[in-house]
Amino acid sequence: MRKWRLRVRWLFRRFLQWRLQHISDRQLVIGVSVLLGLGVGLVASFLLFTTRWISSLLAEAPFGWMSSLYFIFPIIGILLVRTYVRLWFHGKFQKGMAYVLYGISKRKGDFEGYHRYAHVLTSAVTVGLGGSAGLEAPTVLTGASWGGFFARLFHLDSAYRVILAACGAAAGIAAVFGTPIGGVVFALEVLMANVHANFIVPLLISATASTLISKILVEHELLTPRGGLPLFDYVHLPFLVILGIFCGMVAAYFMWMSKKMTQWELRKKQYKDRLFLEEIFLLGALILFLPPLYGEGFEWLDAMINRHEMEYLQRSWWGQWLPPGWGIALLVFLVLLLKPLATWLTIASGGNGGAFAPTLFLGGTTGYLMAYLANHVLHFPVELPVVMFTLIGMAASMAAYFHAPLTAIFMIAELSGGYRYFVPLMLITAIAYATKVIFQPESPIQSEAQKIGAYLPADKDKAILNSIAIRQVLERDCVPVPYEGTLRELVDAITRSRRNIFPVVDKEGYLKGLILLDDVRGIIFKPEIYDKVLIADLVHAPPAVVDIRESMEEVMDKFDITGAWNLPVTEAGKYRGFLSKSNILSVYRKKLRWQIQHFG
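Numbering (UniProt numbering), first residue to last: 1 to 600.
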């Protein structure tokens, strides 16, 4: 076995040597995107199969027994995931869509190795056992990490590693939902700004390959209206506009709820263990009393689209006493109101999942509720098609929440086959997005990414600037002098240094200030005062101090505000080196020139 492994490695090294002479990096990226798509398709298929298999084991149990234990399954799933993370990763486990941006913007597509497998296991257990979250964020993070791995495997540089990470993310979305166009548009709209047209091809290839593998291995009829799609009539347009406004408000409510609950959790962090128990049991109680909150929610969406929602609701222990009309409307409104809380509880208590599926759930429920009220409670003269309002509501809510209207349009069209709804989808997603930004201007991905030091590149210049790491341009040739020393020690440092700036540090290495050569030019030629003049009397504060964790955008702001050309860098207060504005601009020009040559 070892002999075969060595043989394979030798052949692979020979291939890498051959390809340097015969295959360009751009051509290699095309080939690697095929392998990446196939690989991510297999991983996503395994995730879908495992999640459905766990769910089916529970569904095959006698229903009365299962119904009475509804609230236990999500608790068991979260406990299993927390135990796995604590034992295997010692509690240090990054999850969420923001870490995709962190890996792309800060680590140049170089993700930690556990992302390639850990999210598949944890999200399958979380969602399969009824956690109220989706599979898309774990799949996107898994796909992006596989993209970075393939780039390293084939010795591609950081720019191509970022492209392949985006290809992996697109492949993950495409494989889970069976929506290749939606996956590509998601990568372009959310993860990458101003990508050159040459690199849309690898995105298309990886998304298509992963979708094909996924559709071959698992069934993809998530939201297929079996009774056909009703025609869009322009008489429905005023009601759809109202739906767009409501969906934008629901998306803003979802984000507001997450922020408020996170703030509440931070205030209670000293009671962490007790808080965890409260969270999982509250989640169990919500699912027990409102069965639509169980799992991803696609079963509930399918019930609404195919008009057997009453049967679904009557499966619960209180369903037989549910009054029609206002009773059902009130119940659906409670589901809409509490779904954001259930999703937050699932993720905050330790489960692994995303917000794509919950956002679709919220939008679909909003559309259904509006159509149900109009048709069965308020008895409007115009009957509103429930299927159309449910589907368009899903797109509107997704577009508003993620600030990704194109992704929402194509994803819902591909999921449901509702290509005839492109005109209302375009209009309503725009209205929902415009409504949401009134209440919550930032997208949740952008908000979370900023907390961990990542960024959404709004333009090419900012993207290039933030791709420069402080450690990459840190200058360490300035000779530090001791704060407790005398002028003699400063003169000795001057003779050894090629720079005219000297950081002053104490015994522990903490930065106390700076001394410029111009400050002491008049006294360094007076040996008689070398032991009389103290460095502490010569030091002055720097115009600004850069923390090594800051982004380059923040660093350049400090240079602009102070007018300085050199600034000291500290880490936890300790001196680490200097940043030169001219050096940063030189690196920036080199990166810009390289990007123009390779990406156009």
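Glycine included, each C-beta is placed from N, C-alpha and C at the ideal position.
Is the CB-CB distance between residue i and residue j below 8 Å?
| i | j | result |
| --- | --- | --- |
| Met-192 | Ile-445 | no |
| Glu-189 | Thr-435 | no |
| Ala-137 | Gly-367 | no |
| Gly-128 | Ser-55 | yes |
| Ser-132 | Ile-287 | yes |
| Tyr-102 | Ala-413 | no |
| Gly-284 | Pro-74 | yes |
| Tyr-372 | Val-387 | no |
| Val-81 | Leu-164 | no |
| Ala-175 | Ser-145 | no |
| Leu-514 | Ile-523 | no |
| Gly-417 | Ile-78 | no |
| Leu-256 | Gln-440 | The residue you asked about is not Leu; residue 256 is Trp in the sequence shown. It is a contact, given that the beta carbons lie within the stated cut-off. |
| Tyr-160 | Ala-251 | no |
| Glu-550 | Ile-452 | no |
| Gly-577 | Glu-475 | yes |
| Val-545 | Val-555 | no |
| Gly-182 | Cys-167 | no |
| Phe-410 | Ala-357 | no |
| Thr-390 | Ile-280 | no |
Name the one or two DSSP bridge partners that residue i has.
| i | result |
| --- | --- |
| Pro-482 | Val-505 |
| Ser-580 | Asn-566 |
| Leu-511 | Val-505 |
| Tyr-575 | Thr-570 |
| Asp-547 | Thr-570 |
| Leu-534 | Thr-486 |
| Glu-475 | Phe-578 |
| Gly-31 | Bridge partners of Gly-31: none, in fact. |
| Leu-427 | Looking at the DSSP assignment, Leu-427 forms no beta bridge with any residue, so it has no partner. |
| Leu-47 | None; Leu-47 has no bridge partner. |
| Leu-516 | Ile-501 |
| His-540 | Leu-514 |
| Gly-134 | Gly-354 |
Buried or exposed, going by whether 16 or more other CB atoms sit within 10 Å of the CB of residue i?
| i | result |
| --- | --- |
| Ala-209 | buried |
| Gly-295 | buried |
| Phe-254 | buried |
| Val-382 | exposed |
| Phe-380 | exposed |
| Gly-393 | buried |
| Ile-438 | exposed |
| Thr-126 | buried |
| Gly-327 | exposed |
| Val-423 | exposed |
| Gly-325 | exposed |
| Met-310 | exposed |
| His-236 | buried |
| Thr-224 | exposed |
| Trp-300 | buried |
| Ala-432 | buried |
| Phe-63 | For Phe-63, the predicted model reports a pLDDT of 48, less than 50, meaning its position is unreliable and no value from the coordinates is stated. |
| Val-185 | buried |
| Ser-397 | buried |
| Pro-527 | exposed |
| Ala-572 | exposed |
| Gly-109 | buried |
| Ser-24 | exposed |
| Phe-559 | buried |
| Ile-200 | exposed |
| Val-473 | buried |
| Ser-582 | exposed |
| Glu-508 | exposed |
| Ala-541 | exposed |
| Tyr-575 | buried |
Is it the case that the CB of residue i approaches a heavy atom of the ligand PLP more closely than 7 Å?
| i | result |
| --- | --- |
| Ala-159 | You won't find the ligand PLP in this model; it holds no ligand whatsoever. |
I'd like to know if the segment 163-179 and the segment 32-51 are in contact, where contact means that at least 3 CB-CB pairs between them fall below 8 Å. Taking 8 Å as the limit for Cβ pairs, the verdict is that the segment 32-51 does touch the segment 163-179.
To test your reading of the DSSP string, which unbroken alpha helix (DSSP H) runs of 4 or more residues are found completely within the segment 263-317? You should have 272-289, 298-305, 309-314.
Does the segment 243-250 touch the segment 357-377, meaning 3 or more C-beta pairs lie closer than 8 Å? Yes, they touch.
Can we say the segment 116-130 touches the segment 329-338, given the rule of at least three CB pairs closer than 8 Å? Flag = no, the segment 116-130 and the segment 329-338 do not touch.
Along the chain, which unbroken stretches of the alpha helix (DSSP H) at least 4 residues long are found entirely within the segment 355-407? The segment 355-407 contains these whole alpha helix (DSSP H) runs: 356-372, 386-402.
Three or more C-beta pairs under 8 Å: does that hold for the segment 581-593 against the segment 458-478? Cβ pair count under 8 Å is three or more, so yes.
With a floor of 4 residues, list each alpha helix (DSSP H) that falls wholly inside the segment 63-131, ordered by position along the chain. Those alpha helix (DSSP H) runs which fall completely within the segment 63-131 and span 4+ residues are 63-68, 72-89, 98-105, 118-128.
Indicate whether the contact test is met: 3 or more Cβ pairs, each with one atom in the segment 466-486 and one in the segment 530-539, closer than 8 Å. As far as the Cβ criterion goes, the segment 466-486 touches the segment 530-539, which means the pair count is three or higher.
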